[in-house]
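Undergrad: Please read through the structure below; I'll follow up with questions.
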Amino acid sequence: MLFLFLFNLSLSHELLFNGFECAVSSESGTATEKPGNREIAGTIKPDFCIPILKKTDKSCTNGYFWIVSGSYSICSSGFKSRAVNFREFFHKILAPHPLFKVNHRKAIRECYGYESTKHAKENKRGYLYPKNTYFAPNGQYGRVFNKWYFLNSQDILIDPSCTSVGNYYDFKGKNFIDSKSLKLNHAWVYGMKGTPVYDGFLNPTGKRIKHHEALRVYSRVFKEKNGIRYIKSEMGFYIPETHLRIATISPAPSFLKSTSEKWIEVNKSQQTMVAYEGNNPVFATLVSTARKGHETYPGVYRIFYKRVSQDISSRIGKKYTSRYENVPWIQFFDGDRAIHSSFWHNEFGSRNSRGCVEMSLSDSHFLFNWTTPHVPMGFYKMNQSAASPGTYIRIVDYQGQKVPFRSNVFSE
Numbered sequence: 000m001l002f003l004f005l006f007n008l009s010l011s012h013e014l015l016f017n018g019f020e021c022a023v024s025s026e027s028g029t030a031t032e033k034p035g036n037r038e039i040a041g042t043i044k045p046d047f048c049i050p051i052l053k054k055t056d057k058s059c060t061n062g063y064f065w066i067v068s069g070s071y072s073i074c075s076s077g078f079k080s081r082a083v084n085f086r087e088f089f090h091k092i093l094a095p096h097p098l099f100k101v102n103h104r105k106a107i108r109e110c111y112g113y114e115s116t117k118h119a120k121e122n123k124r125g126y127l128y129p130k131n132t133y134f135a136p137n138g139q140y141g142r143v144f145n146k147w148y149f150l151n152s153q154d155i156l157i158d159p160s161c162t163s164v165g166n167y168y169d170f171k172g173k174n175f176i177d178s179k180s181l182k183l184n185h186a187w188v189y190g191m192k193g194t195p196v197y198d199g200f201l202n203p204t205g206k207r208i209k210h211h212e213a214l215r216v217y218s219r220v221f222k223e224k225n226g227i228r229y230i231k232s233e234m235g236f237y238i239p240e241t242h243l244r245i246a247t248i249s250p251a252p253s254f255l256k257s258t259s260e261k262w263i264e265v266n267k268s269q270q271t272m273v274a275y276e277g278n279n280p281v282f283a284t285l286v287s288t289a290r291k292g293h294e295t296y297p298g299v300y301r302i303f304y305k306r307v308s309q310d311i312s313s314r315i316g317k318k319y320t321s322r323y324e325n326v327p328w329i330q331f332f333d334g335d336r337a338i339h340s341s342f343w344h345n346e347f348g349s350r351n352s353r354g355c356v357e358m359s360l361s362d363s364h365f366l367f368n369w370t371t372p373h374v375p376m377g378f379y380k381m382n383q384s385a386a387s388p389g390t391y392i393r394i395v396d397y398q399g400q401k402v403p404f405r406s407n408v409f410s411e
């Protein structure tokens with residue numbers, strides 16, 4: 000196992016443009032906060048070209064490489080380096096992680112998997128996958144009796160005839176880009192058939208707004224008729240409150256250490272999330288928290304562990320009840336509960352998960368790069384540390400609810 004050691008190193012753009020070499024390892028390397036620390040901070044991808052600058056350190060026989068895109072160094076033992084043109088890799092180094100999309104195949108009926116070509120020849124079935132499983136082919140194939148099978152993320156042979164190319168549902172939230180945004184609330188229409196629009200007298204206008212269409216509303220300006228509350232929009236028309244998901248704005252919690260510290264609030268009654276820097280909201284979007292029979296518990300947490308991707312599934316023996324492979328942008332905050340992308344449904348704004356906070360691909364990608372601990376290019380997982388504690392996330396049933404402090408690592 001290769002070890003990396005974490006240091007606080009700030010590199011200027013001038014230094015970056017002087018050029019670099021690229022270090023590659025055939026096996027995963029683990030990052031720690033300091034030499035001798037057993038606590039793993041993160042893991043670097045094998046066979047990934049890591050931009051480096053040479054630097055000598057006597058605590059490693061062959062010295063250390065500083066990674067250009069972050070504050071990490073890697074012991075040069077076990078790494079091969081080669082010179083590369085900086086400008087060819089410039090966009091990869093300074094840009095956030097590229098949007099993660101796999102050519103998933105969706106199960107259109109139950110699929111059996113075979114653990115080897117021998118098992119396929121003998122029709123010795125292994126795992127059973129339900130309809131709506133999303134497979135992530137790993138690029139390898141097996142041939143049995145002139146029939147081709149693809150290998151999924153588990154290296155299990157899957158018959159492609161029981162699958163079709165998967166569809167992606169990608170909703171995008173809103174950035175707070177001007178002061179006017181703070182005078183109104185961002186909101187989205189929820190309802191697969193959209194919602195009717197009403198005039199100032201609450202008479203139908205004959206117009207409808209589509210599902211997930213964004214608008215801005217005066218959340219405190221409303222009218223009531225026959226027990227139904229209608230919220231006024233920026234354009235002057237009214238919309239039934241039951242068809243709106245409103246991003247409520249909250250003051251910064253007292254436990255933040257600075258006026259610009261990042262934090263997140265998830266409002267379960269509205270199924271919305273707002274990301275803040277101190278008192279300033281910077282991003283808002285729709286989410287899906289736990290459905291009936293499951294729970295996303297109210298409380299204050301820290302993001303303690305992040306992964307670029309992971310399979311999400313549940314099964315009894317070899318029979319899966321659900322499976323989604325290579326789900327990207329996963330941020331754990333409460334045991335196995337995490338903020339993560341969900342590309343298999345388009346019901347953001349409703350309770351649809353088993354306890355996690357589900358977001359669209361684009362939104363979870365943005366949040367993954369925005370929160371701490373930061374995951375540098377070339378790493379695929381990272382733990383929080385004393386040097387880089389995770390971003391706070393506050394989950395409430397309704398705006399203003401007082402919730403317990405559940406974070407048990409690097410807490411106040």
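Going by numbering that gives the first Met the number 0, the first residue of the sequence shown is number 0, and it counts up by one from there. The beta carbon of each residue, even a glycine, is placed where N, CA and C say it ideally should be. All figures in this text were calculated on a predicted structure; none of them were measured in a lab.
Between the Cα of Leu285 and those of Val196, Gly190 and Ala186, spot the shortest distance and give me the residue it belongs to.
TA: Of the candidates Val196, Gly190 and Ala186, the one whose C-alpha sits nearest the C-alpha of Leu285 is Ala186.
Undergrad: Going by the DSSP bridge assignment, what does Val101 pair with across the sheet?
TA: None; Val101 has no bridge partner.
Undergrad: Quick one: Cα of Phe404 to Cα of Pro250, how far?
TA: Using only the alpha carbons, I get a separation of about 17 Å.
Undergrad: Just to confirm the assignment, what range does the beta strand (DSSP E) spanning Trp369 have?
TA: That residue, Trp369, is in no beta strand (DSSP E); its alpha helix (DSSP H) goes Leu360 to Trp369.
Undergrad: What distance in whole Å lies between the Cβ atoms of Glu324 and Phe134, which are believed to be in contact at a cut-off of 8 Å?
TA: Indeed, because the Cβ distance is near 6 Å, the residues count as touching under 8 Å.
Undergrad: Let me make sure I understand the geometry here. Which of His242, Asn278, Asp362 and Gly235 has the alpha-carbon closest to that of Pro252?
TA: The residue with the shortest Cα to Cα distance from Pro252 is Asn278.
Undergrad: For Tyr240, which of helix, strand or coil comes out of DSSP?
TA: Here residue 240 is Glu; the residue named in the question, Tyr, does not match the sequence. Helix at Glu240.
Undergrad: Around the C-beta of Gln383, are 16 or more other C-beta atoms found within 10 angstroms, so that it is buried, or is it exposed?
TA: By the 10 Å Cβ count, Gln383 comes out buried.
Undergrad: For Met272, which option in Ile208, Gln309, Lys291 and Ser349 has the closest C-alpha, if you only look at C-alpha atoms?
TA: It is Ser349 whose Cα lies nearest to the Cα of Met272.
Undergrad: Among the candidates Val299, Lys209 and Tyr128, whose CA atom is the shortest distance from the CA of Ile157?
TA: Residue Tyr128 is the option with its Cα nearest to Ile157.
Undergrad: Taking the beta carbon of Gly399 as the centre, do at least 16 other beta carbons fall within 10 Å, making it buried, or is it exposed?
TA: Per the 10 Å Cβ criterion, exposed.
Undergrad: Which same chain residues, not among the five before or five after Ile338, have their C-beta less than 6 Å away from its C-beta?
TA: Around Ile338: Gln330 and Val356.
Undergrad: Alpha carbon to alpha carbon, how far is Phe342 from Gly193?
TA: For Phe342 and Gly193, the distance between alpha carbons rounds to 21 Å.
Undergrad: Tell me which residues share the same chain as Gly141 and place their Cβ nearer than 6 Å to its Cβ, disregarding the 5 neighbours each side in the sequence.
TA: So the list reads Thr116, Tyr148 and Leu156, once near-sequence residues are dropped.
Undergrad: Would you decide whether Thr390 is buried or exposed? Buried here means 16 or more other CB atoms lie within 10 Å of its CB.
TA: Label assigned to Thr390: buried.
Undergrad: So, is Ser287 buried or exposed, given that buried needs 16 or more other C-beta atoms within 10 angstroms?
TA: Buried.
Undergrad: Leaving out five residues on either side along the sequence, give the residues of the same chain with a beta carbon under 6 Å from the beta carbon of Phe332.
TA: Contacts found: Tyr300, Ile302 and Ile392.
Undergrad: Among His242, Glu233, Lys224 and Val326, which one has its Cα closest to the Cα of Arg207?
TA: That would be His242, whose Cα lies nearest to the Cα of Arg207.
Undergrad: Taking the alpha-carbon of Ala289 as reference, which of Gly235, Tyr275 and Phe347 has the nearest alpha-carbon?
TA: Checking every option, the nearest Cα to that of Ala289 belongs to Phe347.
Undergrad: Between the beta-carbon of Thr426 and the beta-carbon of Arg322, is there less than 7 Å?
TA: The chain is shown only over 0 to 411; residue 426 falls outside these bounds and no answer can be derived.
Undergrad: Starting from Asn118, trace the beta strand (DSSP E) in both directions and tell me its first and last residue.
TA: According to the sequence shown, residue 118 is His rather than Asn. Note, His118: premise wrong, no beta strand (DSSP E); alpha helix (DSSP H) at Thr116 to Lys120.
Undergrad: So for Cys161, helix, strand or coil by DSSP?
TA: Cys161 falls in the helix class under three-state DSSP.
Undergrad: Taking Arg104 and Gly165 to be in contact with their CB atoms under 8 Å, please state how far apart those CB atoms are, rounded to whole angstroms.
TA: Contact flag correct, Cβ pair sits at about 6 Å.
Undergrad: Quick check on the burial criterion: 16 or more other C-beta atoms within 10 angstroms. Buried or exposed for Phe144?
TA: Result: exposed.
Undergrad: Opposite Ala337 in the DSSP bridges: which residues?
TA: Paired residues: Phe331.
Undergrad: Helix, strand or coil for Tyr189 per DSSP?
TA: Coil at Tyr189, not helix or strand.
Undergrad: Tell me whether Ile245 sits in a helix, a strand or coil according to DSSP, three-state version.
TA: Correct three-state label for Ile245: strand.
Undergrad: Can you tell me the Cβ-Cβ gap for Lys209 and Val188, rounded? I've got them flagged as a contact below 8 Å.
TA: Confirmed, about 7 Å.
Undergrad: DSSP state of Lys123, grouped into three classes?
TA: Three-state result, Lys123: coil.
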